[in-house]
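This report concerns only the one structure given below.
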Amino acid sequence: MQPSPSGHDPYNGLTRAEPTLPSSAYWDVEAYQRDLDAIWYKSWLLVCREAELAQPLAFRTFRIGTQEIVALRDETGALRAFHNTCRHRGSQLCQESEGRLKARLITCPYHAWSYSLRGDLVRVPSKSLPEGFDKAEHPLYRVALSVWRGFVFVNLAEDAGGSAETAFDPASGDLSNWPLETLVSGHALRKVMNCNWKIFWENFNECLHCPGVHKDLSRLVPIYGRGLMGRHDDPEWAHHADNDAPEFSGGLRAGAETWSQDGHAHGPVFTDLTPAERAAGQTYATSLPSMFVVGHVDYVRTVRLAPLGPEQTELTAEWLFSPEALADPAADIDNIVAFGRQVLEEDAAICEVNQKGLRSMRHKAGVLMPEEYDLHRFHNWVRERHVTHSPKP
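Per the working numbering, residue 531 is the first one in the sequence shown, and the count goes up by one each step.
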């Protein structure tokens, strides 16, 4: 989520103290199930990049809450997704996390019911079929799939509407000048964080923690060192409206080009970026609840979240580069990756610290400070989805 000034006063801060979600929302088993039902099972979720399913018959499996999904590319080149469940007695179909199917069929390892890659039941090895049994009535459970600029999303809702593109936060940055479709993965980080998924998003949506938690990042992005995300987060912003120094305007420190240990770009700079996009140093696009993507001048970073339980979340980060950058032995990719990993490790560690304190029987809810306006917006986003999902009396 990005700052979204409104009305006549562009100051972003809250004008009164607002309560957080109740503390139990971050550890209670029933609250977690409500999150799955109202949010994770009804939203467009990032599962992988299209390049990971490049060849016909390629497949990958993914777990979303308690649901296991298989995504594949069929023999015609179309991408499809299904619940990884046989219609016979519910057996798991694909047992590996990724691979290539041996034939143009998905065959259950238990009783050998076979399905076409479109999901149609085509073979039942029973000696005879019951009277009235129609194979057409027993296809795989199809899952809605949508591709956004080389990223594959699924939506578990049976009546899924819209597309992956429409699910992005309207306040997200515009990444149309980044060549997302042609980029190649240069590094991946997978980490299990011992915190609720909402804790991570809350941390993402404020920079009050930046001076204390992200000392190197705060030096690279000076406004972060002031505990702010953007110019209009400062109640005194008007006094500095004409000051373009990065501690007031945002952007990187003088002389820096990108997020890296030394602040320098380490590969070809994307040619279609505007001067403003280069000067900003980072452009965020967010698709709740599962991912955000950040455009830098020489690479793109993605972060994907998947809930594992009330107090566990899997984080998968990828650093995407142009093929030329990865082929250039002089490109110091490690300089970029090391900095990004450091920031994510710092975030994960402090999110776990946050999680550990939430079970106090005295702490029913927290309170938001003015700079945490985007947490308030995130909390309202969560509340609205719970209300929409609640059964009508």
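Backbone N, C-alpha and C define an ideal beta-carbon position, used for all residues, glycine too.
When the alpha-carbon of Leu738 is set against those of Trp731, Asn910, Arg749 and Arg756, the nearest one is in Arg756. Annotation for Ala611: the continuous beta strand (DSSP E) segment containing it runs Leu609 to His613. A straight line joining the alpha-carbon of His744 with that of Arg889 spans about 26 angstroms. Apart from sequence neighbours up to five positions away, the residues of its chain that approach Trp708 with a beta-carbon distance below 7 angstroms are Phe800, Gly825 and Val830, ordered along the chain. Distance check between Arg610 and each of Leu583, Gly629 and Ser621 places Leu583 closest, using alpha-carbon atoms only. The way I'd put it, the region 682-699 doesn't touch the region 645-661; fewer than three beta-carbon pairs between them come closer than 8 angstroms. Counted as a single uninterrupted DSSP element, the beta strand (DSSP E) harbouring Asn685 occupies residues Phe681 to Asn685. Around the beta-carbon of Asn910, fewer than 16 other beta-carbon atoms lie within 10 Å, marking it exposed. Taking one beta carbon from each stretch, the region 718-730 and the region 830-849 have 3 or more pairs nearer than 8 angstroms; the two touch. The way I'd put it, the region 597-612 doesn't touch the region 872-889; fewer than three beta-carbon pairs between them come closer than 8 angstroms. Phe681 and Phe822 have their C-alpha atoms spaced approximately 12 angstroms apart. Taking each of Phe612, Leu551, Phe851 and Leu576 in turn and checking the Cα distance to Leu647, the smallest one comes out for Phe612. For Ala815, the closest C-alpha among the options Arg907, Leu705 and Ala555 is that of Leu705. Within the same chain, Cβ atoms closer than 7 angstroms to the Cβ of Pro552 are found at Lys894 and Ala895, the five residues on either side in sequence being excluded. Contact annotation: Leu544 and Ser715 have beta-carbon atoms that are not nearer than 8 angstroms. Close CB contacts of Ala786 within its chain, under the 8 angstroms cut and outside five residues either way in sequence, are with Leu750, Gly793, His794 and Gly811 (chain order). The shortest C-alpha to C-alpha distance from Pro837 to any of Asp565, Ala784 and Leu782 is the one to Asp565. Between the C-alpha atoms of Ala608 and Ala697 there is a straight-line separation of about 22 angstroms. Under DSSP, Phe730 takes part in no beta bridge, so it has no partner. Residue pairing from DSSP places Leu835 in a beta bridge opposite Leu845. Counting C-beta atoms within 10 angstroms of its own C-beta, His762 has 16 or more neighbours from the protein chains shown and is therefore classed as buried.
By the CB criterion at 8 angstroms, Ser817 and Trp574 fall inside the cutoff.
In summary, His769 is exposed, with fewer than 16 beta-carbon neighbours lying within 10 Å of its beta-carbon over all protein chains present. Burial check for Gln885: the Cβ neighbour count within 10 Å reaches 16 or more, so the residue is buried. Boundaries of the alpha helix (DSSP H) harbouring Tyr562: Val559 to Asp565, taken from the DSSP string. For Gly703, the closest C-alpha among the options Val577, Tyr645, Arg593 and Glu807 is that of Glu807.
Under the DSSP definition of a beta bridge, Thr813 partners with Gly825. A distance below 8 angstroms separates the beta carbons of Trp570 and Gly595.
Beta-carbon to beta-carbon, Ala861 and Gly760 are separated by about 31 angstroms, too far to satisfy the 8 angstroms threshold.
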